[in-house]
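**Q**
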Amino acid sequence: MKSYYISKTREAESSILSIHRDNTRYDFSLLHSSITEVNALKDNEYGSPHSHDVYHAVLYTKGKNQVIYKNRRVDITPGTLLLVSPGEDHDFYPCNKGEMEYSEITFEYVCGDSVLKIPFTSLMSEITGKDQNSLPSLISLDNDQVLRWMKLFYAYGDLQKDYRKSSFEIHLKLAEIWQMITGLNRDREKEKLPQQTAEIIRNSLTEKLNLDDLSRRLNVSKTYINREFKRVWNTTPMEFHRNLRLEKAADLLRSGEESLKEVADTFSFYDEFHFSRSFQSLYGIPPGEFRKRTRTQERKDV
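In the numbering used here, the protein residues as written are 19 to 320.
Put into structure tokens, the structure is as follows:
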């Protein structure tokens with residue numbers, strides 16, 4: 019195993035990364051940032067998990083393997099970012115035979131002899147002033163994100179080595195890394211929103227539903243829901259809701275004996291006439307004619 023130290027311990031000092039919690043100021047202290055190359059010659063099934071009161075941000079850039087995190091094996095591929103909180107058991111060494119490479123930033127937050135032990139998500143919330151509790155411990159980065167991480171990582175190391183650089187400049191570069199991590203979380207939430215919206219809609223086909231309802235359930239603005247949903251589904255949430263209801267109504271017309279009014283009521287259309295107009299706009303014929311044609315076709319097929 020080879021480790022290349024990009025930068026080593028830097029004493030804690032008040033900086034833009036300091037946080038205040040429970041009337042106490044905790045200052046950032048870098049323990050090390052490094053790149054480690056591993057060539058495991060044999061399997062290491064159980065690993066050597068350990069824990070301590072420090073934080074790790076580890077990005078794997080080479081090799082497919084498994085490592086120990088929270089006393090279980092987790093799959094690692096190039097681009098896997100692992101965020102380890104104080105007290106969490108871990109072993110970054112591979113469980114299986116093979117090569118692996120990772121970059122690591124290890125640090126702590128201190129106040130005198132006291133160290134901060136809050137989860138990584140809570141720490142990011144304190145630093146950014148925004149709720150980051152949905153930030154996962156394992157994040158998959160794409161190639162562009164890996165390149166951006168490594169660029170920031172090396173730039174941070176170079177600043178550490180340059181005695182002419184102020185601590186403000188150094189910590190500002192690290193803040194960019196944290197901003198990237200929390201930005202990944204925003205991207206995840208952004209991609210998740212259209213799927214969450216669609217799931218709510220699919221579960222509400224027999225109910226009246228509007229943008230106000232979606233906004234209240236998802237706790238985001240109507241404009242944002244509309245824009246993000248249309249970006250993914252190429253239609254608005256309300257059109258999506260209407261069309262799914264009409265598809266289910268068409269299924270009922272094919273196989274059921276309910277009247278048009280009963281079908282309209284089942285799928286929460288205002289009345290039979292509203293249902294008929296909506297149905298014809300999607301299928302090109304009124305629902306009564308649709309039922310007649312599909313039944314006729316079924317008899318011919320028999």
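The C-beta atom is built at its ideal place from N, Cα and C for all residues, glycine as well.
Going by CA-CA distance only, name the one from P112, H70, F247, P104 that's closest to I86.
**A** Comparing Cα positions, the closest option is P112.
**Q** Output the distance between the C-alpha atoms of L159 and G201, rounded to the nearest integer angstrom.
**A** Rounded to the nearest angstrom, the two C-alpha atoms are 12 Å apart.
**Q** Just to check my reading of the structure: F125 and L48 have Cβ atoms closer than 8 Å, yes? What is that Cβ distance to the nearest angstrom?
**A** Yes, they are in contact, since the Cβ atoms of F125 and L48 sit about 5 Å apart, within 8 Å.
**Q** Assess contact between the stretch 283-293 and the stretch 220-234, defined as three or more Cβ pairs (one per stretch) separated by less than 8 Å. Is contact present?
**A** Short answer: they touch.
**Q** Report back the beta-carbon spacing between Q84 and V76 to the nearest angstrom; my notes put them in contact at under 8 Å.
**A** About 14 Å separates the two Cβ atoms, so there is no contact after all.
**Q** In the DSSP assignment, what are the bridge partners of G65?
**A** Paired residues: none, contrary to the question.
**Q** Got a sec? Which residues, its chain only, sit under 7 Å from W196 by beta carbon, not counting five neighbours each side?
**A** Around W196: M142, I145.
**Q** Could you check whether K183 and L192 sit closer than 8 Å to each other, using their CB atoms as the reference points?
**A** The answer is no: Cβ separation not under 8 Å.
**Q** Per the contact definition of three or more C-beta pairs closer than 8 Å, is the stretch 304-315 in contact with the stretch 263-278?
**A** Taking 8 Å as the limit for Cβ pairs, the verdict is that the stretch 304-315 does touch the stretch 263-278.
**Q** So what does K148 bridge to, in DSSP terms?
**A** Bridge partners of K148: none, in fact.
**Q** Among L59, S239, N244, F293, which has the Cα closest to the Cα of G116?
**A** With distances taken between Cα atoms, G116 lies closest to L59.
**Q** If you scan the stretch 110-188 from start to end, which runs of the alpha helix (DSSP H) of 4 or more residues do you find wholly inside it?
**A** Listed in chain order, they are 138-146, 161-179.
**Q** Taking just the CA atoms, how far does Q214 sit from V238?
**A** Taking the straight line joining both Cα atoms gives about 12 Å.
**Q** Considering only C-alpha positions, which residue in the set K135, S103, K82 is nearest to Y120?
**A** Comparing Cα-Cα distances from Y120 to each of K135, S103, K82, the minimum goes to K82.
**Q** What does DSSP give as the partner residues of F46 in its beta bridges?
**A** Answer by DSSP bridge pairing, in chain order: Y127.
**Q** Per DSSP, which one or two residues make a beta bridge with I37?
**A** According to DSSP, I37 bridges with Y44.
**Q** Does the pairing of the stretch 93-102 with the stretch 149-158 give three or more beta-carbon distances under 8 Å?
**A** Yes, they touch.
**Q** Using only the alpha-carbon positions, how far apart do V320 and N252 sit?
**A** Only weak support is given to the placement of V320: the predicted model assigns it a pLDDT of 45, under 50, and the question is left unresolved by the model.
**Q** If you reduce the DSSP assignment to three classes, tell me which class K80 lands in.
**A** It is a strand residue.
**Q** Name the one or two DSSP bridge partners that A75 has.
**A** Per DSSP, L101, I123.
**Q** Rounded to whole angstroms, what's the CA-CA distance from R90 to S185? Just pull it up for me.
**A** R90 and S185: Cα-Cα distance of roughly 38 Å.
**Q** At 4 residues or longer, what runs of the alpha helix (DSSP H) sit wholly inside the stretch 203-264?
**A** Those alpha helix (DSSP H) runs which fall completely within the stretch 203-264 and span 4+ residues are 229-236, 240-251.
**Q** With a threshold of 8 Å, are at least 3 pairs of Cβ atoms found where one atom belongs to the stretch 33-42 and the other to the stretch 164-180?
**A** No, the stretch 33-42 is not in contact with the stretch 164-180.
**Q** Among the candidates E187, P255, I199, whose CA atom is the shortest distance from the CA of I218?
**A** Checked all of E187, P255, I199; the closest Cα to I218 is P255.
**Q** Should E209 be labelled buried (16 or more other beta-carbon atoms within 10 Å of its own) or exposed?
**A** The residue in question, E209, is exposed, as its Cβ has fewer than 16 Cβ neighbours within 10 Å.
**Q** Return the chain-ordered list of same chain residues with a C-beta closer than 8 Å to the C-beta of R249, the five sequence neighbours on each side being excluded.
**A** Cβ neighbours of R249 beyond the five flanking positions: P212.
**Q** Look at the alpha carbon of E246 and the alpha carbon of N261, and state the distance between them as a whole number of angstroms.
**A** Rounded to whole angstroms, E246 to N261 spans 19 Å at the Cα level.
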